[in-house]
Amino acid sequence: MQEESLLTMRRIDKRFPGVLALNGVDFTLRKGEIHALMGENGAGKSTLIKVLTGVYQMDGGEIRVEGEKVSIHSPQDAQNAGISTVYQEITLCPNLTVAENMFIGRSRGAWVRQNKLEERADEILTKLGIPARSTQLLGSCSLAVQQMVAIARAVDMQCKVLILDEPTSSLDDKEVKQLFDLMRDLKKQDVGIIFVTHFLDQVYEVSDRITVLRNGELVGEYLTEELPQLQLVSKMIGKELEELSNLGDSEEEKIMQPEVFYEAEGLSSTEALPFDFSIRKGEVNGFTGLLGSGRSESVRAIFGADKVTGGTVKINGKPVKIQRPIDAMKHGIGYLAEDRKRDGIIAELSVRENIILALQVMNGMWRPISRSESESFADEYIKVLNIKTASRETPVGSLSGGNQQKVILARWLLTHPDYLILDEPTRGIDVGTKLEIQKLVLKLAEEGVSVTFISSEVEEMLRTCSRLIVMRDRHAVGELTGKDLNQTQVMKTIAGGES
Amino acid sequence: MKKLAFLKRKEPLNDTQLLMTITIVIFFVMYLSAVLLLGGGFLHPQQIFDMLNDNASLIIVSCGLTIVMIGGGIDISVGAVTSLVVMSCVLYLNKGGNIFVSLLLALGIGLAFGLVHGFLVSYLEIQPFIVTLAGLFFARGMTTILSVNPQKVQHTAFNNLRAKKIEISWLGYRAKNGTLVPARIELGVVAALFCVILVWILLKYIRLGRNFYAIGGNQQSALMLGINVKRTRFMSYVLSGLLSGLAGYVFMMHTGAGNATNAAGMEMNAIASSIIGGTLLTGGVGNVIGTFFGTLSLTTIKKIVVSSGLNDPWWQSITTGGMLCFFILLQSVVLGRRQKKAKT
Numbered sequence: 001m002q003e004e005s006l007l008t009m010r011r012i013d014k015r016f017p018g019v020l021a022l023n024g025v026d027f028t029l030r031k032g033e034i035h036a037l038m039g040e041n042g043a044g045k046s047t048l049i050k051v052l053t054g055v056y057q058m059d060g061g062e063i064r065v066e067g068e069k070v071s072i073h074s075p076q077d078a079q080n081a082g083i084s085t086v087y088q089e090i091t092l093c094p095n096l097t098v099a100e101n102m103f104i105g106r107s108r109g110a111w112v113r114q115n116k117l118e119e120r121a122d123e124i125l126t127k128l129g130i131p132a133r134s135t136q137l138l139g140s141c142s143l144a145v146q147q148m149v150a151i152a153r154a155v156d157m158q159c160k161v162l163i164l165d166e167p168t169s170s171l172d173d174k175e176v177k178q179l180f181d182l183m184r185d186l187k188k189q190d191v192g193i194i195f196v197t198h199f200l201d202q203v204y205e206v207s208d209r210i211t212v213l214r215n216g217e218l219v220g221e222y223l224t225e226e227l228p229q230l231q232l233v234s235k236m237i238g239k240e241l242e243e244l245s246n247l248g249d250s251e252e253e254k255i256m257q258p259e260v261f262y263e264a265e266g267l268s269s270t271e272a273l274p275f276d277f278s279i280r281k282g283e284v285n286g287f288t289g290l291l292g293s294g295r296s297e298s299v300r301a302i303f304g305a306d307k308v309t310g311g312t313v314k315i316n317g318k319p320v321k322i323q324r325p326i327d328a329m330k331h332g333i334g335y336l337a338e339d340r341k342r343d344g345i346i347a348e349l350s351v352r353e354n355i356i357l358a359l360q361v362m363n364g365m366w367r368p369i370s371r372s373e374s375e376s377f378a379d380e381y382i383k384v385l386n387i388k389t390a391s392r393e394t395p396v397g398s399l400s401g402g403n404q405q406k407v408i409l410a411r412w413l414l415t416h417p418d419y420l421i422l423d424e425p426t427r428g429i430d431v432g433t434k435l436e437i438q439k440l441v442l443k444l445a446e447e448g449v450s451v452t453f454i455s456s457e458v459e460e461m462l463r464t465c466s467r468l469i470v471m472r473d474r475h476a477v478g479e480l481t482g483k484d485l486n487q488t489q490v491m492k493t494i495a496g497g498e499s
Numbered sequence: 500m501k502k503l504a505f506l507k508r509k510e511p512l513n514d515t516q517l518l519m520t521i522t523i524v525i526f527f528v529m530y531l532s533a534v535l536l537l538g539g540g541f542l543h544p545q546q547i548f549d550m551l552n553d554n555a556s557l558i559i560v561s562c563g564l565t566i567v568m569i570g571g572g573i574d575i576s577v578g579a580v581t582s583l584v585v586m587s588c589v590l591y592l593n594k595g596g597n598i599f600v601s602l603l604l605a606l607g608i609g610l611a612f613g614l615v616h617g618f619l620v621s622y623l624e625i626q627p628f629i630v631t632l633a634g635l636f637f638a639r640g641m642t643t644i645l646s647v648n649p650q651k652v653q654h655t656a657f658n659n660l661r662a663k664k665i666e667i668s669w670l671g672y673r674a675k676n677g678t679l680v681p682a683r684i685e686l687g688v689v690a691a692l693f694c695v696i697l698v699w700i701l702l703k704y705i706r707l708g709r710n711f712y713a714i715g716g717n718q719q720s721a722l723m724l725g726i727n728v729k730r731t732r733f734m735s736y737v738l739s740g741l742l743s744g745l746a747g748y749v750f751m752m753h754t755g756a757g758n759a760t761n762a763a764g765m766e767m768n769a770i771a772s773s774i775i776g777g778t779l780l781t782g783g784v785g786n787v788i789g790t791f792f793g794t795l796s797l798t799t800i801k802k803i804v805v806s807s808g809l810n811d812p813w814w815q816s817i818t819t820g821g822m823l824c825f826f827i828l829l830q831s832v833v834l835g836r837r838q839k840k841a842k843t
């Protein structure tokens, strides 16, 4: 491997009102290496990336590309310096064609020659094996393909530094592999890749070096092969994590209360095919399956989040009608939605206002929660869930992902639900908070709350759930309990083969 | 074989093209039914030319508004700016001004409004609705300050120019006394068609035009793709202002007089035209050809209403409202079905 440094960031500072988001962070990227940037949410990874790409202006420090000092004030500056970024959220325009998305903002001259662009785009797409046509509208492609188009764009820009910010979170295994092949290809062409992800396995599969950040400070830079996974996790969290490996072992035998809390027969919605489902009091179960297998759609039907089209539902043995979320809430069901930004937080409102939201809705508009009451609720849950926020009046949007998630959890806990549906509660949040949420789920179950838990990480579900419903192609294809609850069995059922 | 390639659609119609196609089809259906139900008057070429003569300035203004709306903004000052331009130019000409300078004056006033709007909206990030609402009041107020009373153009050279019309004799008709009355097209219509074509080229083949779609589609993405979002948005208001200026001049060519209530409600008609033509208020989708047919549809329905004997002015408003509602419903149904299809 070449040791020549491609990008150096020295003593980078970035302050936000009340927070020092980056405190003298150093980062070095060499030519032709894949460098994983790790850290919990709120550790400063995203901030560092945004400083590098010109979204934020740094307050101190310097950035050099190939030894030359560069000043980056806008995404364009970053592009000119040879730094390209592919963000977790697709940052392309859905109303333009694939070809245009690859070339817009780059060409000079007033005229756009669509045909020429399309030809070139097709060439690149074929070369990289991306299943898209250049003339297709981007919005008509799958998320994974959109992501690859974004990478194709970056690749074609002859970038020296490619930043992949959580690129794999919406891809399935095959696509991840494709992406990694692409990354290794680029590596050979001396491109330096900064890889930000929450998937530890992927870090070990593809990266050469790891830089760990914590609380806006540099913890250290390590060669991947010299840093065992458990040690990496403890460096990210900042404490020895015996609990991490211990949790779960004690979950072998879960005592189950016998009564069924919720029962659905032939429940279907505009998005979900008819399915049967039931959950006992104090039970933790899970839906698993690949992305798009219908797991989220099923729980959304339970909550009435999509239009319910059929089926009967019983709660505590009595038939009820759940057509809208408010019906579900009145029957003691809470639902933490998959997409935190879209269906969860209201970014401009304060932590306090976000927390009391569900309770206020249930009370109705004629019984407002008094200020002092809401303040005490907020303070209580900030403490119980250990939410890291400057104050209860801080806008939720300025919190890190994990803390935002805790705020939404607090919102539902405040309504004292009998049945809580958590759809991907740990997506995109740090290991420490993940663990806290898993523990919380188990604690709730002990108190007799039924929980449905959905996660992309099978391991996490095995640790918390006592029953797993496996979905494939929008059908439930298996239900695993007891001894069958292990990774191989889950994989087998998802894959649908016998071996 | 290669020559035929453009005939074969590689892709299904995109949203913009679909909405535009719907508008064009509905326009022709509407016009045809007008011919069938209300008879010969609508068959006359002059009828179509009159629609264009009367609405040339509206078409120009709508072109500008379409640009702004594709970029995700709105400009409700266009009618008031048009009115101010008319009044300023009339007064200037009546003081013995030069025709060419009066045209520059018109464009200059429009440009000035565009620059200020663009600056406030893009660089100071003030809501476009508020900014252009302020512009609307300002321009209306200025118009009244210039003259409360209607002013007729007394400029001989200008009136000669105004009287110039393109006459097409073979499209004309024989009056009752047997003389041939040729079809007449005003110069303003030429300007309007010219604008439509220019804006169409801009939006389809020019980098700036494509950038309008990008910022309207997803502003954040556009920024990340390296587009200068602020400058692009700024340009959309500048173009809208400039076209309002031109529209004012065309308006004056058509009416030959300035009046404080000139072009009242034109901004609303322009918004309606754009929307009927398939431009979405949310930005990123739209087409100026659609807008052109949107204006024609709007005019046709008004003509139909008048021809059916409903002469009171409110009937036109009511039908305009109904039609706008119909189109918006139709669009949301069509786009909604599409999204559903795309999902499965």
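Heads up: the sequence lines are chains V and S, in that order.
Residue numbers for the first sequence, in our numbering: 1 to 499.
Residue numbers for the second sequence, in our numbering: 500 to 843.
A virtual CB, placed ideally from N, CA and C, is assigned to each residue, including glycine.
Residues near residue i by beta carbon distance below 7 Å, same chain, minus five either side
{"i": "Ile104/V", "result": "Leu96"}
{"i": "Ser739/S", "result": "Gly563, Leu564, Ile566, Val567, Asp574, Val577, Gly613"}
{"i": "Ala154/V", "result": "Ser84, Val86, Leu162"}
{"i": "Asn451/V", "result": "The sequence given here places Val at residue 451/V; Asn does not occur at that position. Val284, Leu420, Leu422, Val441, Leu444, Ala445, listed in sequence order."}
{"i": "Lys507/V", "result": "One cannot answer for residue 507/V here, as it falls past the ends of chain V, which runs 1 to 499."}
{"i": "Asp514/S", "result": "Val784, Leu834"}
{"i": "Arg10/V", "result": "Asp26, Gly61, Glu62"}
Chain S contact for residue i (CB, 8 Å cutoff)
{"i": "Thr91/V", "result": "yes"}
{"i": "Pro94/V", "result": "yes"}
{"i": "Gln487/V", "result": "no"}
{"i": "Leu137/V", "result": "yes"}
{"i": "Ile104/V", "result": "yes"}
{"i": "Tyr551/V", "result": "The structure shown does not extend to residue 551/V, since chain V is modelled only from 1 through 499, so no value can be given for it."}
Among the options, the one whose alpha carbon lies nearest that of residue i
{"i": "Gly744/S", "options": "Ala579/S, Ile774/S, Ile700/S, Gln546/S", "result": "Ala579/S"}
{"i": "Leu462/V", "options": "Tyr222/V, Arg474/V, Ala476/V, Thr481/V", "result": "Thr481/V"}
{"i": "Pro681/S", "options": "Pro544/S, Cys824/S, Phe526/S, Leu535/S", "result": "Pro544/S"}
{"i": "Glu459/V", "options": "Gly289/V, Ile333/V, Arg411/V", "result": "Gly289/V"}
{"i": "Leu692/S", "options": "Phe548/S, Val524/S, Thr655/S, Val585/S", "result": "Phe548/S"}
{"i": "Lys31/V", "options": "His475/V, Ile194/V, Glu4/V", "result": "Glu4/V"}
{"i": "Gly282/V", "options": "Leu22/V, Thr464/V, Ile494/V", "result": "Thr464/V"}
DSSP-derived helix/strand/coil call for residue i
{"i": "Gln487/V", "result": "helix"}
{"i": "Met550/S", "result": "helix"}
{"i": "Ile629/S", "result": "helix"}
{"i": "Thr270/V", "result": "coil"}
{"i": "Asn761/S", "result": "coil"}
{"i": "Trp366/V", "result": "coil"}
{"i": "Thr515/S", "result": "helix"}
Proximity test, Cβ basis, 8 Å: residue i and chain V
{"i": "Gln719/S", "result": "yes"}
{"i": "Ala756/S", "result": "no"}
{"i": "Val589/S", "result": "no"}
{"i": "Tyr704/S", "result": "yes"}
{"i": "Gly725/S", "result": "yes"}
{"i": "Asn786/S", "result": "no"}
{"i": "Tyr712/S", "result": "yes"}
{"i": "Arg709/S", "result": "yes"}
{"i": "Gly716/S", "result": "yes"}
Close Cβ partners of residue i (< 6 Å) along its chain, the five nearest in sequence each way excluded
{"i": "Asp122/V", "result": "Ser134"}
{"i": "Leu218/V", "result": "Val25, Asp26"}
Spatial neighbours of residue i in its chain, beta-carbon cut-off 8 Å, leaving aside the 5 residues before and after
{"i": "Asp306/V", "result": "Ser269, Thr270, Glu271, Ala272, Glu297, Arg300"}
Bridge-paired residues (DSSP) for residue i
{"i": "His35/V", "result": "Ile194/V, Arg209/V"}
{"i": "Lys14/V", "result": "Leu22/V"}
{"i": "Ala476/V", "result": "Met471/V"}
{"i": "Arg673/S", "result": "Leu679/S"}
{"i": "Val260/V", "result": "Arg280/V"}
{"i": "Ala756/S", "result": "Lys651/S"}
Residue i beta carbon near the ligand NAD (any heavy atom closer than 7 Å)
{"i": "Gly482/V", "result": "Ligands in the displayed structure: none, and consequently the ligand NAD is not present."}
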